[in-house]
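First the structure, in the form of structure tokens, and then the observations on it.
Residue numbers (the working numbering): 1315 to 1380.
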């Protein structure tokens, strides 16, 4: 089913991505990236999508059991 999915077995790649994100957060966002990420619409969409993410595991079993 997942033949084309590649997994990184080397944890160094994960650490590299972790430090890239950490540096970006520490330095803060500037320019167009800051404008897009701090836009009120994007913040609202983020809150809604996080709420869906949190509750999606409960909805399926509740729906199919009733």
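Note that beta-carbon positions come from the ideal geometry of N, C-alpha and C, so glycine has one too.
If you drop the 5 nearest sequence neighbours on each side, which residues of the same chain put their C-beta closer than 8 Å to that of residue i?
| i | result |
| --- | --- |
| residue 1378 | none |
Considering only their Cβ atoms, is the gap separating residue j from residue i smaller than 7 Å?
| i | j | result |
| --- | --- | --- |
| residue 1351 | residue 1343 | yes |
If you draw a straight line from the alpha carbon of residue i to that of residue j, how long is it in whole angstroms?
| i | j | result |
| --- | --- | --- |
| residue 1332 | residue 1338 | 10 Å |
| residue 1327 | residue 1341 | 21 Å |
| residue 1355 | residue 1361 | 10 Å |
| residue 1348 | residue 1373 | 34 Å |
| residue 1370 | residue 1363 | 10 Å |
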